[in-house]
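At position 122 of the sequence shown the residue is numbered 124 (the numbering used here), and the sequence of numbers has no breaks.
Where a beta carbon is used, it is the ideal one built from N, C-alpha and C, also for glycine.
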Amino acid sequence: MTVRSGDPPFVHYDGAWKGHRSSLHFVHIERVSTRKRKYNWELSPHRHRDLHQFLICQSGSGEVAFDLQKGTFAAPTVISMPPLIVHQFAFAAQSKGYLLTIADSYLKELLPLVHAPHASDVLQHPLVLDMNPHARLWGQIESAIKPLNEYVGHEFRGSSAVIVANILMVLEGVIRHPASSQPADRDPGSQRARQLYDRFRALIETNFIKQWPVSAYAQALAVTERTLHRACDAVAGAPPLKIIHRRSIIEAQRRLLYSPASVSEVGFSLGFQDPAHFSRFFSENVGESPLAFRRSRLG
Numbered sequence: 003m004t005v006r007s008g009d010p011p012f013v014h015y016d017g018a019w020k021g022h023r024s025s026l027h028f029v030h031i032e033r034v035s036t037r038k039r040k041y042n043w044e045l046s047p048h049r050h051r052d053l054h055q056f057l058i059c060q061s062g063s064g065e066v067a068f069d070l071q072k073g074t075f076a077a078p079t080v081i082s083m084p085p086l087i088v089h090q091f092a093f094a095a096q097s098k099g100y101l102l103t104i105a106d107s108y109l110k111e112l113l114p115l116v117h118a119p120h121a122s123d124v125l126q127h128p129l130v131l132d133m134n135p136h137a138r139l140w141g142q143i144e145s146a147i148k149p150l151n152e153y154v155g156h157e158f159r160g161s162s163a164v165i166v167a168n169i170l171m172v173l174e175g176v177i178r179h180p181a182s183s184q185p186a187d188r189d190p191g192s193q194r195a196r197q198l199y200d201r202f203r204a205l206i207e208t209n210f211i212k213q214w215p216v217s218a219y220a221q222a223l224a225v226t227e228r229t230l231h232r233a234c235d236a237v238a239g240a241p242p243l244k245i246i247h248r249r250s251i252i253e254a255q256r257r258l259l260y261s262p263a264s265v266s267e268v269g270f271s272l273g274f275q276d277p278a279h280f281s282r283f284f285s286e287n288v289g290e291s292p293l294a295f296r297r298s299r300l301g
């Protein structure tokens, strides 16, 4: 496991990613079983600034959490996770599959080659797709994974063409899945709510440490608090304040586990001037104090 320098960053699981995260044609693939045994088959909450990730689960099962949503999955499943979405995977022991990671800029280059309507819109949001093991789309995705695993990272002759062709097969399988394009997605009202929610989430990323109230977010987005509340309820099933608090809690958990800062220092770094206030806030949302949370996981 590597931790990039910063304030403090999200955890990334491949040291080779450092220095290549903005590479236009960056592609990485790894077996779930290769690295997940090292972390007890669990990846802690993390996000990728400019990388799009696809989990292809071929056997076994697990749990996925993102935003305020949490659910289970069982093979065969494909999970599509766009950049900036804080997410977490946990796998049942001996699960098999692959994590395919692609630079978001490169993905946008390839999408026009899929020739599917609304392809870019489909991949803007997290997807958890149950696959039919006997359907063409699943067979197409599975057949693309083996050559990707063989060719990515090697200088085989013609490897670029093979990689592109097989990435396109994965993308088509995801985009053309029936669950990837629901009628509600084409409703103008639903689209507006999603767009406002996405802008709200992006604004949270840059301002949650400032402890902005919901009114400040609404003002920055040029909408009323009521409009923002309706959009968040429609898309995430939660009010804006809960979404803001959830982001703060995820960051607090990460800093408690991956930084040497004291509990008080973690609270200060997240905008809490009173350590007691931070402790109450954390306990109310997590069910245990920050110190208990840290000790139970780090010993």
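**Q.** Span of the alpha helix (DSSP H) around serine 285
**A.** For the purposes of this step, residue 285 is taken as the residue at position 283 of the sequence shown. Where serine 285 is concerned, the enclosing alpha helix (DSSP H) stretches over 277 to 288.
Q. By the 10 Å Cβ neighbour count, where 16 or more other Cβ atoms means buried, how is aspartate 69 classified, buried or exposed?
A. Numbered from its first residue, the sequence shown carries residue 69 at position 67. Taking every protein chain shown into account, the CB of aspartate 69 has 16 or more other CB atoms within 10 angstroms, so this residue is buried.
Q | Exposure label - histidine 89; buried when at least 16 CB within 10 Å | A | As a first step, residue 89 is located in the sequence shown; it is residue number 87 there, counting from the start. That one is buried.
Q: Below 7 Å CB to CB, which residues in the same chain sit around isoleucine 161 once its five sequence neighbours on both sides are set aside?
A: The count along the sequence shown starts at 1 and reaches residue 161 at position 159. Reading the sequence as shown, one finds serine at residue 161 and not isoleucine. Apart from the 5 residues on each side of it in sequence, serine 161 sits with its Cβ closer than 7 Å to the Cβ of Tyr153 in its chain, given in chain order.
Q) For alanine 94, which residues from the same chain have a beta carbon less than 8 Å from its beta carbon, with the 5 sequence-adjacent residues on both sides left out? A) As a working mapping, residue 94 is identified with position 92 in the sequence shown. Setting aside the 5 residues that flank it on each side, alanine 94 is surrounded in the same chain by Trp43, Gly62, Ser63, Gly64, each with a C-beta closer than 8 Å to its C-beta; the list follows chain order.
**Q.** Opening and closing residue of the beta strand (DSSP E) in which isoleucine 81 lies
**A.** Sequence index remark: in the sequence shown, residue 81 carries index 79 (1-based). According to the DSSP assignment, isoleucine 81 belongs to the beta strand (DSSP E) that extends over 79 to 83.
**Q.** Where glutamine 193 sits in the DSSP three-state scheme
**A.** Within the sequence shown, residue 193 is the residue found at index 191, counting from 1. In the structure shown, glutamine 193 adopts helical secondary structure according to DSSP, grouped into three states.
Q: Return yes when the Cβ of alanine 146 is within less than 8 Å of the Cβ of valine 166, no when it is not.
A: Mapped onto the sequence shown, residue 166 falls at position 164. Mapped onto the sequence shown, residue 146 falls at position 144. Against a cut-off of 8 Å, the Cβ pair of alanine 146 and valine 166 comes out as no contact.
Q.
I need the boundaries of the alpha helix (DSSP H) containing phenylalanine 270, first residue and last residue.
A. Locating residue 270 in the sequence shown gives position 268, where the first residue counts as 1. Unbroken alpha helix (DSSP H) run through phenylalanine 270: 265 to 271.
(Q) By the DSSP assignment, the beta strand (DSSP E) with histidine 71 in it spans what residues? (A) For the purposes of this step, residue 71 is taken as the residue at position 69 of the sequence shown. The amino acid occupying residue 71 in the given sequence is glutamine; histidine does not appear at that position. Segment 71 to 76, the beta strand (DSSP E) holding glutamine 71.
Q) Going along the chain, which residues of its own chain have a beta-carbon closer than 8 Å to the beta-carbon of serine 217, five neighbours each way excluded? A) The residue labelled residue 217 in the question sits at position 215 within the sequence shown. Cβ within range, chain order: Glu227.
Q. Under 8 Å, do alanine 92 and arginine 178 count as touching if we go by C-beta distance?
A. Reading the sequence shown from its first residue, position 90 is the one you call residue 92. Reading the sequence shown from its first residue, position 176 is the one you call residue 178. Alanine 92 is not a Cβ neighbour of arginine 178, given a cutoff of 8 Å.
Q: Return the residue from the list Leu102, Leu53, Trp214 that minimises the CA-CA distance to isoleucine 246.
A: Here residue 246 refers to the residue found at position 244 of the sequence shown. If we check each option's Cα against that of isoleucine 246, Trp214 comes out closest.
Q | Three or more C-beta pairs below 8 Å linking the segment 49 to 63 and the segment 73 to 90 | A | Output reads yes: the segment 73 to 90 touches the segment 49 to 63.
Q.
Comparing C-alpha positions only, which one of Gly141, Ser182, Ser261 sits nearest to serine 82?
A. Position 80 of the sequence shown, counting from 1, holds the residue named residue 82. Out of Gly141, Ser182, Ser261, the CA that lies nearest to the CA of serine 82 is found in Ser182.
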